[in-house]
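Enquirer:
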Amino acid sequence: MTPFSILDLSPIAEGSNASASLRNTLDLAQHGERWGYRRYWLAEHHGMPGIASAATAVVMAHVAGGTKTIRVGAGGIMLPNHSPLVIAEQFGTLEALHPGRIDLGLGRAPGSDQTTARALRRSLASDADEFPQDVQELQDYLSDHPRQRVLAVPGKGAKVPLWILGSSLFGAQLAAHLGLPYAFASHFAPAQMMQAVALYRANFKPSAQLERPYVMLGFNVFAADTDEEAQLLATSMQQAFVNLRTGKPSQLPPPLPNYRLQLGQQENAMLDSVLSCAAIGSPETVEKQLLAFIASARPDELMITSQIFEHAKRLRSYEITAAIHKRLS
Numbered sequence: 003m004t005p006f007s008i009l010d011l012s013p014i015a016e017g018s019n020a021s022a023s024l025r026n027t028l029d030l031a032q033h034g035e036r037w038g039y040r041r042y043w044l045a046e047h048h049g050m051p052g053i054a055s056a057a058t059a060v061v062m063a064h065v066a067g068g069t070k071t072i073r074v075g076a077g078g079i080m081l082p083n084h085s086p087l088v089i090a091e092q093f094g095t096l097e098a099l100h101p102g103r104i105d106l107g108l109g110r111a112p113g114s115d116q117t118t119a120r121a122l123r124r125s126l127a128s129d130a131d132e133f134p135q136d137v138q139e140l141q142d143y144l145s146d147h148p149r150q151r152v153l154a155v156p157g158k159g160a161k162v163p164l165w166i167l168g169s170s171l172f173g174a175q176l177a178a179h180l181g182l183p184y185a186f187a188s189h190f191a192p193a194q195m196m197q198a199v200a201l202y203r204a205n206f207k208p209s210a211q212l213e214r215p216y217v218m219l220g221f222n223v224f225a226a227d228t229d230e231e232a233q234l235l236a237t238s239m240q241q242a243f244v245n246l247r248t249g250k251p252s253q254l255p256p257p258l259p260n261y262r263l264q265l266g267q268q269e270n271a272m273l274d275s276v277l278s279c280a281a282i283g284s285p286e287t288v289e290k291q292l293l294a295f296i297a298s299a300r301p302d303e304l305m306i307t308s309q310i311f312e313h314a315k316r317l318r319s320y321e322i323t324a325a326i327h328k329r330l331s
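All you need for the numbering used here is the position in the sequence shown, starting with 1, plus 2.
#1: Does A280 pass the burial test, meaning 16 or more other C-beta atoms within 10 Å, or should it be called exposed?
#2: Would you be able to state if there are at least three C-beta pairs under 8 Å between the stretch 195 to 203 and the stretch 251 to 262?
#3: Along the alpha helix (DSSP H) that carries T307, what are the first and last residues, could you check?
#4: Beta strand (DSSP E) containing N83: first to last residue?
#5: Would you list, in sequence order, the uninterrupted beta strand (DSSP E) runs of no fewer than 3 residues that lie entirely inside the stretch 248 to 315?
#6: Among residues of its own chain, excluding the 5 on either side of S209, which ones have a beta-carbon nearer than 6 Å to its beta-carbon?
#7: What is the residue span of the beta strand (DSSP E) that A185 lies within?
#8: My understanding is that P86 touches D136, with C-beta atoms under 8 Å, so please give their C-beta distance in whole angstroms.
#9: Do the CB positions of G60 and T27 come within less than 8 Å of each other?
#10: Put D105 into one of helix, strand or coil per three-state DSSP.
#11: So what does DSSP say about A225, is it helix, strand or coil?
#12: Am I right that Y320 and I8 are in contact with their C-beta atoms under 8 Å? What's the rounded C-beta distance?
#13: For G381, is the classification buried or exposed, using 16 other Cβ atoms within 10 angstroms of its Cβ as the cut-off for buried?
#14: Assuming G283 contacts A232 (C-beta within less than 8 Å), just tell me the rounded distance between them.
#15: Excluding sequence positions up to five away, which residues of its chain have a Cβ less than 6 Å from the Cβ of L330?
#16: Let me check one thing: in DSSP terms, what residues is P13 bridge-paired to?
#17: Which class does A76 belong to by DSSP, given the choice of helix, strand or coil?
#18: Going by other Cβ atoms of all chains shown within 10 Å of its Cβ, with 16 needed for buried, is D274 buried or exposed?
#19: Cα separation between L235 and V223?
#20: Find out if the Cβ-Cβ distance for the pair N83, L122 is shorter than 8 Å.
#21: In chain order, what residues of the same chain lie with their CB nearer than 7 Å to the CB of A56, ignoring the 5 residues before and after it?
#22: So L212 is in the beta strand (DSSP E); what residue range does that whole segment cover?
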């Protein structure tokens with residue numbers, strides 16, 4: 003059975019705060035470890051009132067320190083925001099603290115709007131078009147024998163697996179060229195998923211890190227004891243997504259009955275697209291939808307995200323999903 007992992011956006015629920023969100027993140031990671039998920043990833047977003055993982059490496063240290071076996075990673079670090087040396091030092095430190103458990107996924111989007119990106123970097127001189135060169139510079143810092151005079155300490159010789167993240171064909175081409183594993187953001191931008199995966203697999207060049215192509219796909223799951231409850235729970239993510247895409251990013255709203263009936267044609271079409279990579283329903287319904295997606299997309303691994311307002315119900319969704327995986331394995 004395809005391995006399952008967790009993508010946690012550390013949601014800040016409406017009426018809550020970052021402290022509670024980060025406590026919930028560690029709690030979910032500890033449960034996920036017991037339930038058999040392979041890895042636990044956190045994402046870099048900035049200026050988002052509903053996401054608490056902006057300082058991604060810091061949150062990763064919190065999670066890795068509170069767990070024992072599950073791999074902990076960034077899905078991802080938005081490399082244009084940072085000096086490759088700083089990331090090499092951060093992840094070299096994480097690897098030194100938690101040997102053999104750290105992943106580093108790299109993306110070229112800013113993970114924010116342009117104003118926030120400018121505040122992060124003080125200038126926009128670090129162009130996203132330089133992303134391939136930045137990845138190779140970072141690889142060199144983490145290698146056993148760096149070519150650069152500046153050393154990353156910790157970092158030099160750190161065995162941190164690099165991943166390329168993407169939601170378009172660019173990342174697929176780069177991951178294939180560098181011989182790195184590829185994670186596609188199909189949980190929020192599925193339009194080019196099949197084309198990107200095919201391009202990556204067809205053009206993959208083996209590397210010292212990876213002999214054959216490896217694809218991980220993002221997938222939304224909203225699982226509950228009944229189809230009706232799951233459909234209601236999914237409306238929190240739907241509201242947050244519409245708010246974000248219409249320029250009004252928000253904390254994660256509580257579920258709203260009949261939410262989609264209140265939307266116009268454009269908003270519903272947008273949700274239909276993003277939810278094409280989703281399973282929503284009871285355990286039986288979710289199992290059928292998961293199996294259909296895996297048969298169609300043929301991922302090597304699934305990265306499950308469940309943006310659910312109430313933490314206990316989010317845990318229940320991941321528990322149901324883990325039970326499905328165990329039953330099918």
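All residues carry an ideal CB built from backbone N, CA and C; glycine is no exception.
Just so it is clear, the structure is predicted and the values come from calculations on it, not from any experiment.
Expert: In brief:
#1: In the sequence shown, counting from the first residue as 1, residue 280 sits at position 278. With 16 or more other Cβ atoms within 10 Å, it is buried.
#2: No: fewer than three Cβ pairs fall under 8 Å.
#3: For the purposes of this step, residue 307 is taken as the residue at position 305 of the sequence shown. Where T307 is concerned, there is no enclosing alpha helix (DSSP H), although the beta strand (DSSP E) it sits in stretches over E303 to T307.
#4: To locate residue 83, count along the sequence shown from 1; it is residue 81. From DSSP, N83 is part of no beta strand (DSSP E); its letter is neither H nor E.
#5: Note on the stretch 248 to 315: whole beta strand (DSSP E) runs with a minimum of 3 residues are 280 to 283 and 303 to 307, in chain order.
#6: For the purposes of this step, residue 209 is taken as residue 207 along the sequence shown, with counting starting at 1. The residues G181, in chain order, have a CB closer than 6 Å to that of S209 in the same chain once the five nearest residues on each side in sequence are set aside.
#7: One-based indexing of the sequence shown puts residue 185 at position 183. Here the beta strand (DSSP E) through A185 covers Y184 to F186.
#8: As a position in the sequence shown, residue 86 is number 84, starting the count at 1. As a position in the sequence shown, residue 136 is number 134, starting the count at 1. In this structure P86 touches D136 by the C-beta definition: roughly 5 Å separates them, less than 8 Å.
#9: Taking the sequence shown and counting its residues from 1, the one referred to as residue 60 is at position 58. Taking the sequence shown and counting its residues from 1, the one referred to as residue 27 is at position 25. Per the sequence shown, residue 60 should be read as Val rather than Gly. No, they are not a contact pair.
#10: If you number the sequence shown from 1, residue 105 lands on position 103. DSSP places D105 in strand when its eight states are reduced to three.
#11: Start at 1 with the first residue of the sequence shown, and residue 225 comes out as number 223. Correct three-state label for A225: strand.
#12: Taking the first residue of the sequence shown as position 1, residue 320 is located at position 318. Taking the first residue of the sequence shown as position 1, residue 8 is located at position 6. Indeed they touch by this definition, with Cβ atoms about 7 Å apart.
#13: Shown here, the chain extends from 3 to 331; a query on residue 381 therefore has no answer.
#14: Walking along the sequence shown from the start, residue 283 turns up at place 281. Walking along the sequence shown from the start, residue 232 turns up at place 230. With 8 Å as the limit, G283 and A232 qualify as a contact, their Cβ atoms being about 5 Å apart.
#15: Here the question's residue 330 lines up with position 328 in the sequence shown. In its chain, beyond the 5 residues on either side, M3 have a beta carbon closer than 6 Å to the beta carbon of L330.
#16: One-based indexing of the sequence shown puts residue 13 at position 11. Paired residues: I53.
#17: Indexing the sequence shown from 1 puts residue 76 at position 74. Collapsing the DSSP output to three states places A76 in a strand.
#18: What you label residue 274 is simply residue 272 of the sequence shown in a count that begins at 1. Burial call: exposed.
#19: The count along the sequence shown starts at 1 and reaches residue 235 at position 233. The count along the sequence shown starts at 1 and reaches residue 223 at position 221. L235 and V223 have their C-alpha atoms spaced approximately 10 Å apart.
#20: Taking the first residue of the sequence shown as position 1, residue 83 is located at position 81. Taking the first residue of the sequence shown as position 1, residue 122 is located at position 120. N83 places its beta carbon less than 8 Å from that of L122.
#21: In the sequence shown, the residue the question calls residue 56 occupies position 54. Once the five neighbours on either side are set aside, the close Cβ partners of A56 are E46, H47 and H48.
#22: Indexing the sequence shown from 1 puts residue 212 at position 210. Note, L212: premise wrong, no beta strand (DSSP E); not H, not E.
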